[in-house]
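S.K.: In my numbering, the protein residues as written are 17 to 467.
Ideal Cβ positions, reconstructed from N, Cα and C, are used throughout, including at glycine.
In this text the structure is predicted, and so the values were computed from the model without any measurement.
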Ligand code: PMP
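1) The ligand PMP heavy atoms versus the CB of residue 358: any closer than 8 Å?
2) Would the region 197–204 and the region 415–430 be scored as touching if the rule is three or more Cβ pairs under 8 Å?
3) Hey, how far is the Cα of residue 49 from the Cα of residue 29?
4) Helix, strand or coil for residue 458 per DSSP?
5) How should residue 367 be labelled, buried or exposed, when 16 other C-beta atoms within 10 angstroms of its C-beta is the threshold for buried?
6) Judging by CA-CA distance, which residue of 393, 382 and 325 is the nearest neighbour of residue 19?
7) Assuming residue 156 is part of the beta strand (DSSP E), what are its boundary residues?
8) Nearest to residue 31 by alpha carbon, out of 142, 47, 168 and 41?
9) Is it buried or exposed for residue 24, if we count other Cβ within 10 angstroms and need 16 for buried?
10) Output the distance between the C-alpha atoms of residue 436 and residue 108, rounded to the nearest integer angstrom.
11) Are there any heavy atoms of the ligand PMP lying less than 8 Å away from the beta-carbon of residue 107, as far as the coordinates show?
12) Can you list the beta strand (DSSP E) stretches of 3 or more residues lying completely in the region 367–404, in chain order?
13) How would you write the range of the beta strand (DSSP E) that residue 102 sits in, first residue to last?
14) Check whether the Cβ of residue 104 lies closer than 8 Å to any heavy atom of the ligand HEM, and answer yes or no.
15) For residue 40, does the three-state DSSP call read helix, strand or coil?
16) Report the three-state DSSP secondary structure of residue 225 (helix, strand or coil).
17) Using the C-alpha atoms, what's the distance from residue 98 back to residue 281?
18) So, using beta-carbon positions, are residue 429 and residue 40 closer together than 9 Å?
19) Could you pull the start and end residues of the alpha helix (DSSP H) that residue 359 belongs to?
20) May I ask you to report which of helix, strand or coil DSSP gives residue 264?
21) Could you check what DSSP says for residue 291 in three-state terms: helix, strand or coil?
22) Can you say whether residue 90 is buried or exposed, counting buried as having 16 or more other CB atoms within 10 angstroms of its CB?
23) Tell me, please, which residues DSSP counts as bridged to residue 67.
24) Would you mind reading off the limits of the beta strand (DSSP E) that contains residue 320?
25) If we ignore side chains and look at the alpha-carbon of each, how far apart do residue 153 and residue 117 end up?
26) What do you reckon, are the CB atoms on residue 381 and residue 390 nearer than 9 Å?
27) Which residue marks the beginning of the beta strand (DSSP E) containing residue 110, and which one marks its end?
28) Are residue 131 and residue 190 touching if we call contact CB-CB under 9 Å?
29) Would DSSP call residue 125 helix, strand or coil?
30) Under the rule that 16 or more other beta-carbon atoms within 10 Å means buried, what is residue 316, buried or exposed?
31) Around the Cβ of residue 165, are there at least 16 other Cβ atoms within 10 angstroms (buried) or fewer (exposed)?
32) Return the CA-CA distance between residue 347 and residue 186, expressed in angstroms with no decimal places.
33) Can you give me the C-alpha to C-alpha distance between residue 295 and residue 302, rounded to a whole angstrom?
34) Helix, strand or coil for residue 137? Go by DSSP, reduced to three states.
35) What are the boundary residues of the beta strand (DSSP E) that residue 284 is part of?
36) Please report the straight-line C-alpha distance between residue 312 and residue 256, rounded to a whole angstrom.
Written out as structure tokens, the structure reads:
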């Protein structure tokens, strides 16, 4: 029994008319029609924000600022002062890296994990191996292992954190395994290190990559007590080029900005010898932002609630109650968990197919088929109208750690608009692929035999 009226939800999207089986949602989700129409409705009144006295500029500024309030309430952040917008998760994580860059001391370390997307590993690798060495500072990048089932090895993580661990960077949900590390435990381990931060706290900072967490779970940044959390709207129905960084207010207040320039300075307070920063959150909004993208993306959150519950939050800017957000995400998670369980049951019947990740997972499953290139699997699925993704999904470390050659798997991932029929079509398409040898690892050299 579905917890969602999926047919009603699908009627808000244009893709079903094409016949596509959209099962690559961990990469990007589909835009509901209302968001595209909203862009058109905003156009006649478009003006820059914080840069004009016209009614149009005041109106656009009000909508833009309200968008920050919606994003803050979605995460249960104390206020818009904790929100910065960037292009995507990757840029938001880089913003943290550049903001903290100067405060690393010789001998510090950063701890991350083998399960990370490259956007939460490569910046830390670059910081430690490329950038800080040029300033003569040695900072180590430590990497926690995952267990055989793809869940984070918390014992190993604990063993890597010490009193010189300034920052722990951890995924909220792996885009390869679907595993969700216990962030309460990760927080406790980061605290136990006791690193003396310049802000006076004695614990490691915790950055969570929420790219797969925020679209699949109601996230409460205060309950999780994370210092930083990043996510992308293009995985949450809004492909308009917006990513979010939540950070605790005292950190945004204290941290250096990632970008410098217009609007991030206090009005009139620039002289040849001094510059004063603007109030939060605008201190972290240098240059003209993605104005319409931010407005429409925040409205995507409100529309998501309306698609799931009988509410009318879209196109308005009133408060978004916590209970509505939690109920929405609980129902979405229940529906997509049922689809994923159905998919896993189907995959278990397929000869030579090896799924990765633990039983408890976000709505995705990555797998290989013995002796068949994951790229050939994805092409075979595509020939039957089923969309998937083959590759390492930017979880390159994990693919190498598993010894996959090539470092690749094929992934199916589900969203609120997927049906059980979508899953059946994907599984039926996979059944037509003949494994080369039941227990061999994929080699990438073989081609699939399609019945
Ligand atoms: N982290 C995870 C877990 C992801 O799944 C992704 C997107 N695949 C990213 C980070 C990067 O997101 P973006 O490309 O929007 O920066």
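M.R.: Walking through what the data contain:
1) By one-based count along the chain shown, residue 358 stands at place 342. Because no heavy atom of the ligand PMP lies under 8 Å away, the Cβ of residue 358 does not count as near it: no.
2) no
3) One-based indexing of the chain shown puts residue 49 at position 33. One-based indexing of the chain shown puts residue 29 at position 13. Roughly 5 Å between the two C-alpha positions.
4) On the chain shown, residue 458 is found 442 positions in, with the first residue counted as 1. Caution applies to residue 458, whose pLDDT of 45 falls short of 50 and renders its modelled position unreliable; the model cannot decide the point.
5) As a working mapping, residue 367 is identified with position 351 in the chain shown. Counting Cβ neighbours within 10 Å, residue 367 comes out exposed, since fewer than 16 surround it.
6) The count along the chain shown starts at 1 and reaches residue 19 at position 3. Checked all of 393, 382 and 325; the closest Cα to residue 19 is 325.
7) Start at 1 with the first residue of the chain shown, and residue 156 comes out as number 140. First-last of the beta strand (DSSP E) with residue 156: 156–160.
8) Walking along the chain shown from the start, residue 31 turns up at place 15. Comparing Cα-Cα distances from residue 31 to each of 142, 47, 168 and 41, the minimum goes to 47.
9) For this step, residue 24 is matched to residue 8 along the chain shown. That one is exposed.
10) As a working mapping, residue 436 is identified with position 420 in the chain shown. As a working mapping, residue 108 is identified with position 92 in the chain shown. Looking at the two C-alpha atoms, the distance is approximately 35 Å.
11) Within the chain shown, residue 107 is the residue found at index 91, counting from 1. Yes, Cβ of residue 107 sits closer than 8 Å to a heavy atom of the ligand PMP.
12) 369–372 and 380–385
13) On the chain shown, residue 102 is found 86 positions in, with the first residue counted as 1. It spans 99–102 - the beta strand (DSSP E) in which residue 102 sits, taken as one unbroken run.
14) This structure lacks the ligand HEM; the ligands present are the ligand PMP.
15) Here residue 40 corresponds to residue number 24 of the chain shown, with the count starting at 1. Looking at residue 40 - three-state DSSP - the assignment turns out to be strand.
16) Position 209 of the chain shown, counted from the first residue, corresponds to residue 225. Correct three-state label for residue 225: strand.
17) Counting from one through the chain shown, the residue named residue 281 turns up at place 265. Counting from one through the chain shown, the residue named residue 98 turns up at place 82. Looking at the two C-alpha atoms, the distance is approximately 17 Å.
18) On the chain shown, position 413 is the one that residue 429 refers to. On the chain shown, position 24 is the one that residue 40 refers to. Their beta carbons are under 9 Å apart, which means residue 429 touches residue 40 by this criterion.
19) Translated into the one-based positions of the chain shown, residue 359 becomes position 343. Element bounds for residue 359: 338–364.
20) Here residue 264 refers to the residue found at position 248 of the chain shown. If DSSP states are grouped into helix, strand and coil, residue 264 belongs with coil.
21) Within the chain shown, residue 291 is the residue found at index 275, counting from 1. Residue state, collapsed to three classes: strand.
22) Counting from 1 along the chain shown, the entry for residue 90 is found at position 74. The residue in question, residue 90, is buried, as its Cβ has 16 or more Cβ neighbours within 10 Å.
23) Here the question's residue 67 lines up with position 51 in the chain shown. DSSP output for residue 67 lists no bridge partner at all.
24) Working through the chain shown from its first residue, we reach residue 320 at position 304. Note, residue 320: premise wrong, no beta strand (DSSP E); alpha helix (DSSP H) at 307–324.
25) Within the chain shown, numbered from 1, the residue matching residue 153 stands at position 137. Within the chain shown, numbered from 1, the residue matching residue 117 stands at position 101. Each residue's Cα considered, the two are about 11 Å apart.
26) Against the chain shown, residue 381 aligns to sequence position 365. Against the chain shown, residue 390 aligns to sequence position 374. Cβ atoms of residue 381 and residue 390: not closer than 9 Å.
27) Looking up residue 110 in the chain shown gives position 94. Careful: residue 110 lies outside any beta strand (DSSP E), inside the alpha helix (DSSP H) at 105–116.
28) In the chain shown, the residue the question calls residue 131 occupies position 115. In the chain shown, the residue the question calls residue 190 occupies position 174. Their beta carbons are under 9 Å apart, which means residue 131 touches residue 190 by this criterion.
29) As a first step, residue 125 is located in the chain shown; it is residue number 109 there, counting from the start. Residue 125: strand per DSSP, three-state reduction.
30) On the chain shown, position 300 is the one that residue 316 refers to. Per the 10 Å Cβ criterion, buried.
31) On the chain shown, position 149 is the one that residue 165 refers to. Residue 165 should be labelled exposed.
32) For the purposes of this step, residue 347 is identified with residue 331 of the chain shown, where counting begins at 1. For the purposes of this step, residue 186 is identified with residue 170 of the chain shown, where counting begins at 1. Answer to the nearest angstrom: the Cα atoms are 26 Å apart.
33) Here residue 295 refers to the residue found at position 279 of the chain shown. Here residue 302 refers to the residue found at position 286 of the chain shown. Distance between the alpha carbons of residue 295 and residue 302 is about 12 Å.
34) In the chain shown, counting from the first residue as 1, residue 137 sits at position 121. Residue 137 falls in the coil class under three-state DSSP.
35) Residue 284 sits at position 268 when you count from the first residue of the chain shown. Residues 281–286.
36) Against the chain shown, residue 312 aligns to sequence position 296. Against the chain shown, residue 256 aligns to sequence position 240. Their backbone Cα atoms lie some 8 Å apart in a straight line.
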